[in-house]
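Novice: Numbering (the UniProt record's numbering), first residue to last: 1 to 164.
Here's a structure for you.
Below, the structure is given as C-alpha cells:
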C-alpha cells in the first residue's frame with residue numbers, strides 16, 4: 001500500500017508537474033505571442049516613425065526650398081531696384097555733366113565772343129589812334145609847311161629889304 005500510495009503520490013506529482021509544464025508552455029506561447037505583438041508594434045512604430053520622419057524631412061525640404069526661392073526672389077528684386085537706382089543715378093550724373101558741358105561751352109563761347117569783341121575794339125582803337133596820329137602828323141606837317149612858307153616869305157622880305 002505504501003508503494004501504491006507512493007506511486008499515486010509520484011503520479012500526482014508527475015501530473016502536477018505536467019500541469020505546471022503545460023501551464024508554463026502555455027505561458028511561453030502566450031509570452032511569445034505578446035512578444036511577437038510587441039515586436040510587430042515596435043516595427044509598426046518604427047515604420048510610422050520613419051514615415052513621419054521622412055514626411056517631416058520632405059516638408060522641411062519643401063519649406064526650405066520655398067524660403068530659399070523667396071529669399072532669392074527678394075535678393076533679385078533688391079538687386080533690380082539697386083540697378084535701377086544706379087541707372088537713374090548715372091542718368092542724373094550724365095545729365096548734370098551734359099548741363100555742365102553746355103554751360104561751359106556757353107561760357108567759353110561768351111569768353112571767345114568777349115575776347116573777339118575786345119580784339120575788335122582794340123583794333124578799332126588802334127585804327128582810331130593811327131588815324132588820329134596821321135591827322136596830327138598832317139596837321140603838324142601842314143603847320144610846319146605854313147610856318148616854313150611864312151618864314152621864307154619873311155626871309156624873302158628881309159632879303160629884299162636888305163638889297164634895297
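Even glycine gets a Cβ: it sits at the ideal position worked out from N, Cα and C.
In this text, all values refer to a predicted model and were calculated from it rather than measured experimentally.
Just verifying my parser: in three-state terms, what is the DSSP assignment at residue 164?
Specialist: In the three-state reduction of the DSSP assignment, residue 164 falls in the coil class.
Novice: Roughly how many whole angstroms lie between the Cα atoms of residue 134 and residue 102?
Specialist: Taking the straight line from one Cα to the other gives about 46 Å.
Novice: How big is the Cα-Cα spacing for residue 29 and residue 47?
Specialist: 26 Å
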